[in-house]
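Chemist: Questions regarding the structure given below will be posed in turn.
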Amino acid sequence: MFQGGFGLQGNSSSGSPIKGCKLKFNAKGNGVDKMDRFIPSRSATDFEAANFILNGENGDVSMSPAKEEYQKLIAVNLNVPESGRILAFKQKAPAAPEGFDNGLKGLYNQNLGPLTSKKQYRHIPSTQERILDAPELLDDYYLNLLDWSCTNTIAVALGRSVYLWNASTGAADELCQCPVEGDYICSVAWGSDGNFLAIGTSDAKLQIWDVVRKKQVRELVGHTNRVSCAAWNGSILSSGGRDSLINNWDVRKRRDEACIASLRVHEQEVCGLKWSPCGQQLASGGNDNNLCIFDSNFRLQHKVQAHCAAVKALAWCPFQANLLASGGGTADRCMKFWNTHTGALLHSVDTGSQVCALQWSRHEREILSSHGYSKNQLCLWRYPSLTKVAELMGHSGRVLHMATSPDGASVVTAGADETIRFWKVFGEPPPPKMMDKMGLVAGGTMV
Numbered sequence: 072m073f074q075g076g077f078g079l080q081g082n083s084s085s086g087s088p089i090k091g092c093k094l095k096f097n098a099k100g101n102g103v104d105k106m107d108r109f110i111p112s113r114s115a116t117d118f119e120a121a122n123f124i125l126n127g128e129n130g131d132v133s134m135s136p137a138k139e140e141y142q143k144l145i146a147v148n149l150n151v152p153e154s155g156r157i158l159a160f161k162q163k164a165p166a167a168p169e170g171f172d173n174g175l176k177g178l179y180n181q182n183l184g185p186l187t188s189k190k191q192y193r194h195i196p197s198t199q200e201r202i203l204d205a206p207e208l209l210d211d212y213y214l215n216l217l218d219w220s221c222t223n224t225i226a227v228a229l230g231r232s233v234y235l236w237n238a239s240t241g242a243a244d245e246l247c248q249c250p251v252e253g254d255y256i257c258s259v260a261w262g263s264d265g266n267f268l269a270i271g272t273s274d275a276k277l278q279i280w281d282v283v284r285k286k287q288v289r290e291l292v293g294h295t296n297r298v299s300c301a302a303w304n305g306s307i308l309s310s311g312g313r314d315s316l317i318n319n320w321d322v323r324k325r326r327d328e329a330c331i332a333s334l335r336v337h338e339q340e341v342c343g344l345k346w347s348p349c350g351q352q353l354a355s356g357g358n359d360n361n362l363c364i365f366d367s368n369f370r371l372q373h374k375v376q377a378h379c380a381a382v383k384a385l386a387w388c389p390f391q392a393n394l395l396a397s398g399g400g401t402a403d404r405c406m407k408f409w410n411t412h413t414g415a416l417l418h419s420v421d422t423g424s425q426v427c428a429l430q431w432s433r434h435e436r437e438i439l440s441s442h443g444y445s446k447n448q449l450c451l452w453r454y455p456s457l458t459k460v461a462e463l464m465g466h467s468g469r470v471l472h473m474a475t476s477p478d479g480a481s482v483v484t485a486g487a488d489e490t491i492r493f494w495k496v497f498g499e500p501p502p503p504k505m506m507d508k509m510g511l512v513a514g515g516t517m518v
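According to our numbering, numbering within the sequence shown proceeds without interruption in unit steps and concludes at 518.
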């Protein structure tokens, strides 16, 4: 046995001798040289006793009375018979006596079911929470007459008037009215701060109202026909109309410079317009069955005609930045999902009826669709499986408009039956950490 180090002498591969070359492996600690190998001492190992314990026929070991009592208590609590043994360190386990009944047999033979319990889905109320009358709500598929602000105020257009309803207090107030008999409101859209409301009219005007002062602050003229839809992106206001134009306005600029881009990519009325949550893309849908995607500089990125009817229903996913849902009219009935970076169609499902509006849940991977004839229902879908979770009935006419509450828990709908209904369909928001764990934090993208 070598202690402290060892020397090595010999010839190299070239045949020349190496003289006096020593490789030393000395490990010193506290002034004491340590061994480089461990060799057990045979004098401290009782192989005969170990062999007897493992292979001996007599496995009984005498125990003290206190230890015997302790073993009995353990056996009683574990449902082990006194004569039974759980482990036997022998070459062969002893055979059980004839007629022996193992008390543990019922435990380990019982079917305990799956180890992980199936997640219980939350309860979704099948009826509306509240119903409001909405007289003179126009039955026009191409208009956008309902929106819900971050300040918990709902704007709804009824005929030639715009009304504000405070969801916190229940107070209702008329904001404005078209001065000319026969004119009507075509679209409403809240700004991000909830203080300004964009209103499109049938006489081709786009108005901006300060709802706190109840005063019109801007009137933007650029369309030649009714303004069917509008969407905000910070200080940029986009509008679409029956003249097939999409006008983009910078509301910070003076009137003659406000229109910063005018886009003519649709051949018929523009009835759907939505900015992505991150503000990097604009989606538009038209009565020409086309879906168009623009970047923030208003350059056309994609133009697809996958639907067989007008594309009004548009909804950007809140947890996937480049995921867009679109819905088609009566001749199409489909809900489609797009990767807006590549223009690829990801999923498509035939809903069975006209798709009027779409709203994503902010708390779950779900999307809500509203429909027309024949059921006039709301459908809740899981994404990406697109399995139908719930079907909500209540409207007697097609459900033309939808908007989500600021907390993301409730949805308000407006139908051709001239009623406004509130549904607690999405439920209360989970804690932020849970949303992060579920992958519901905005900002993610698909490759």
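Where a beta carbon is used, it is the ideal one built from N, C-alpha and C, also for glycine.
Only a predicted model underlies this, so the values are computations on that prediction, with no experimental measurement involved.
Using the three-state DSSP reduction, which class does Phe-96 fall into: helix, strand or coil?
Modeler: Translated into the one-based positions of the sequence shown, residue 96 becomes position 25. Residue confidence for Phe-96 is low, a pLDDT of 46 falling below 50, so the modelled location carries little weight and cannot support an answer.
Chemist: Around the Cβ of Ile-331, are there at least 16 other Cβ atoms within 10 angstroms (buried) or fewer (exposed)?
Modeler: For the purposes of this step, residue 331 is taken as residue 260 along the sequence shown, with counting starting at 1. The residue is exposed, with fewer than 16 neighbouring Cβ atoms inside 10 Å.
Chemist: When DSSP labels each residue in this structure, what does Phe-524 get in the three-state scheme?
Modeler: Residue 524 cannot be examined here, being either before or after the span of the chain that is shown, 72 to 518.
Chemist: Since Arg-370 is in the beta strand (DSSP E), which residue starts that stretch and which ends it?
Modeler: As a first step, residue 370 must be located in the sequence shown, where it is residue number 299. That residue, Arg-370, is in no beta strand (DSSP E); it is neither H nor E in DSSP.
Chemist: I need the straight-line Cα distance from Arg-323 to Ala-242, nearest angstrom please.
Modeler: In the sequence shown, counting from the first residue as 1, residue 323 sits at position 252. In the sequence shown, counting from the first residue as 1, residue 242 sits at position 171. If you take the alpha carbons of Arg-323 and Ala-242, they lie about 32 Å apart.
Chemist: Rounded to whole angstroms, what's the CA-CA distance from Gly-465 to Asn-368? Just pull it up for me.
Modeler: Position 394 of the sequence shown holds residue 465. Position 297 of the sequence shown holds residue 368. C-alpha separation (whole angstroms): 42 Å.
Chemist: For Gly-66 and His-194, I'd like the C-alpha separation in whole angstroms.
Modeler: Nothing in the structure corresponds to residue 66, since the chain is present only between 72 and 518.
Chemist: If you measure from the beta carbon of Leu-416 to each beta carbon in chain C, is any gap under 7 Å?
Modeler: Protein chains in the displayed structure number just one, and chain C is not present.
Chemist: Would you kindly check if the distance between the Cβ of Glu-245 and the Cβ of Tyr-255 is under 7 Å?
Modeler: The count along the sequence shown starts at 1 and reaches residue 255 at position 184. The count along the sequence shown starts at 1 and reaches residue 245 at position 174. Contact: no.
Chemist: Nearest CA to the CA of Gly-423: which residue from Asp-321, Met-406, Arg-436, His-434?
Modeler: For the purposes of this step, residue 423 is taken as residue 352 along the sequence shown, with counting starting at 1. The option with the nearest alpha carbon to Gly-423 is Met-406.
Chemist: Decide if Arg-313 is buried, meaning its Cβ has at least 16 other Cβ atoms within 10 Å, or exposed.
Modeler: As a first step, residue 313 is located in the sequence shown; it is residue number 242 there, counting from the start. When all chains shown are included, Arg-313 counts as buried.
Chemist: According to the Cβ coordinates, are Leu-449 and Ser-441 closer than 7 Å?
Modeler: Within the sequence shown, residue 449 is the residue found at index 378, counting from 1. Within the sequence shown, residue 441 is the residue found at index 370, counting from 1. A contact, by the Cβ cut-off of 7 Å.
Chemist: Report yes or no: do the segment 490-503 and the segment 199-206 share at least 3 C-beta pairs separated by less than 8 Å?
Modeler: The segment 490-503, when compared against the segment 199-206, does touch it at the 8 Å Cβ threshold.
Chemist: From what residue to what residue does the beta strand (DSSP E) around His-442 run?
Modeler: Locating residue 442 in the sequence shown gives position 371, where the first residue counts as 1. Run containing His-442: 437-442, per the beta strand (DSSP E) assignment.
Chemist: Return helix, strand or coil for Asp-321, following the three-state DSSP convention.
Modeler: Translated into positions along the sequence shown, residue 321 becomes position 250. In the structure shown, Asp-321 sits in a strand (DSSP, three-state: E or B).
Chemist: Measuring straight from C-alpha to C-alpha, what distance separates Asn-122 and Ala-167?
Modeler: Taking the sequence shown and counting its residues from 1, one reaches residue 122 at position 51. Taking the sequence shown and counting its residues from 1, one reaches residue 167 at position 96. Roughly 25 Å between the two C-alpha positions.
Chemist: Once you ignore the five residues that flank Gly-350 on each side, which residues in its own chain have a CB closer than 7 Å to its CB?
Modeler: Taking the sequence shown and counting its residues from 1, the one referred to as residue 350 is at position 279. Once the five neighbours on either side are set aside, the close Cβ partners of Gly-350 are Asn-304, Gly-305, Ser-367.
Chemist: Which residue's Cα is closest to the Cα of Thr-458: Glu-437, Asn-447, Ser-476?
Modeler: Taking the first residue of the sequence shown as position 1, residue 458 is located at position 387. Per the Cα distances, Glu-437.
Chemist: Would you check if there are 3 or more beta carbon pairs closer than 8 Å linking the segment 379-387 to the segment 398-405?
Modeler: Result yes; three or more Cβ-Cβ pairs closer than 8 Å.
Chemist: Can you give me the start and stop residues for the beta strand (DSSP E) that Asp-488 sits inside?
Modeler: For the purposes of this step, residue 488 is taken as residue 417 along the sequence shown, with counting starting at 1. Looking at the DSSP string, Asp-488 is not in any beta strand (DSSP E), and its letter there is neither H nor E.
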